[in-house]
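A.B. asks:
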Amino acid sequence: MADIGQVAELWRYPASSLGGEMLPALDFGHGGADGDRLYGLIDTADGEIARPDRLPKWHKAPRIRARLDEARRLQVMTPQGEWLAAPGDDSQRAVSDYLGFTAAILPFEGQSPDGYDGPQTRARYEKAPVHLLTTASLARLKALHPDGIPDRRRFRPSILVDMPEVEGSFPETEWIGRTLSIGDLELTIVEPCRRCGFTIISQEGIPEDPGILRTLVRHNAHNIGVYCRVEKPARLRAGDAMRLH
């Protein structure tokens, strides 16, 4: 089977709703990307989990960056701030000041790091193991909405694959049920990724744009990208080739 694309970027999101980190290599197990979505952001007044897709109070959350250090400890940074350990008093103060209300970053239940015995929170939804997006679909979205900026950060993929444009198509949406090999990783494509209001909110260098979601609703049934199940775990690296079976 011929190669149809290659890995352009690999992303993980250690804290849900916060900005992610792009990595040159990333391990994928049956549960998805290593270190992905281990923490949640909450309003400490009522324990509400962040909902940037629905509530304006959370719209600034994706501008807060998150990463794991070499010891797999979470660090976060607000715009114009510095990297701070989280959970922690300094990071809680910085995040709260930035958002304008008292907030905290807590591990999800069952995901606490070694030695942590503080409060936890519960994930808002069960995450899909892997989210794959192609540059061909981003190009199709741009063609349909030329005034928009279809930056991949709006869609938060685990794997961004560079591949030639397919005229008139969001190609991966047509691969449901098929198997992909990317490097040594094997995936089954299980369903399209239905999009929400997160895609329209502004991020660093990306303006707010309701037209992004409207275009997907009109031309691809709300969808861009696909969710995948891991059949054979492996480490991926930028540049690894992708084959469709």
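Position one of the sequence shown corresponds to residue 1 (UniProt numbering), numbered consecutively onward.
Backbone N, C-alpha and C fix where the C-beta goes; we use that ideal spot for every residue, glycine too.
#1: Report yes if the CB atom of Asp-46 is closer than 8 Å to the CB atom of Arg-12, and no otherwise.
#2: Measuring only the C-alpha atoms, how far is Ser-112 from Pro-14?
#3: Counting pairs of beta carbons, one from the segment 175–189 and one from the segment 234–245, are three or more of them closer than 8 Å?
#4: Please classify Pro-192: does DSSP put it in a helix, a strand, or coil?
#5: Is the distance from the Cβ of Pro-56 to the Cβ of Ser-17 below 8 Å?
#6: Give the DSSP-derived three-state secondary structure of Gln-92 in the structure shown.
#7: I need the straight-line Cα distance from Gln-80 to Ile-200, nearest angstrom please.
#8: Pick from Tyr-227, Asp-209, Val-230, Cys-228: whose alpha carbon is nearest that of His-59?
#9: Considering Thr-135, what are the terminal residues of the beta strand (DSSP E) in which it resides?
#10: Check the DSSP bridge columns for Phe-108 and list the partner residues they point to.
#11: Enumerated in chain order, which unbroken segments of the alpha helix (DSSP H) with a length of 4 residues or greater are wholly contained in the segment 166–236?
C.D. replies: Looking at the coordinates:
#1: In the sequence shown, counting from the first residue as 1, residue 46 sits at position 46. In the sequence shown, counting from the first residue as 1, residue 12 sits at position 12. No; because the gap between Cβ atoms is not below 8 Å, this pair is not in contact.
#2: Stepping through the sequence shown from its first residue, residue 112 is reached at position 112. Stepping through the sequence shown from its first residue, residue 14 is reached at position 14. Pairing Ser-112 with Pro-14, the inter-Cα distance amounts to about 12 Å.
#3: yes
#4: On the sequence shown, residue 192 is found 192 positions in, with the first residue counted as 1. Shown here, Pro-192 sits in a strand according to DSSP, grouped into three states.
#5: One-based indexing of the sequence shown puts residue 56 at position 56. One-based indexing of the sequence shown puts residue 17 at position 17. Not a contact, by the Cβ cut-off of 8 Å.
#6: The count along the sequence shown starts at 1 and reaches residue 92 at position 92. Three-state result, Gln-92: helix.
#7: Here the question's residue 80 lines up with position 80 in the sequence shown. Here the question's residue 200 lines up with position 200 in the sequence shown. When the Cα atoms are used, Gln-80 and Ile-200 turn out to be separated by approximately 23 Å.
#8: For this step, residue 59 is matched to residue 59 along the sequence shown. With distances taken between Cα atoms, His-59 lies closest to Asp-209.
#9: Taking the sequence shown and counting its residues from 1, one reaches residue 135 at position 135. Taken as a continuous stretch (DSSP letters only), Thr-135 belongs to no beta strand (DSSP E), being part of the alpha helix (DSSP H) at 135–144.
#10: By one-based count along the sequence shown, residue 108 stands at place 108. For Phe-108, the pairing in a beta bridge is given by DSSP as Thr-121.
#11: 210–220
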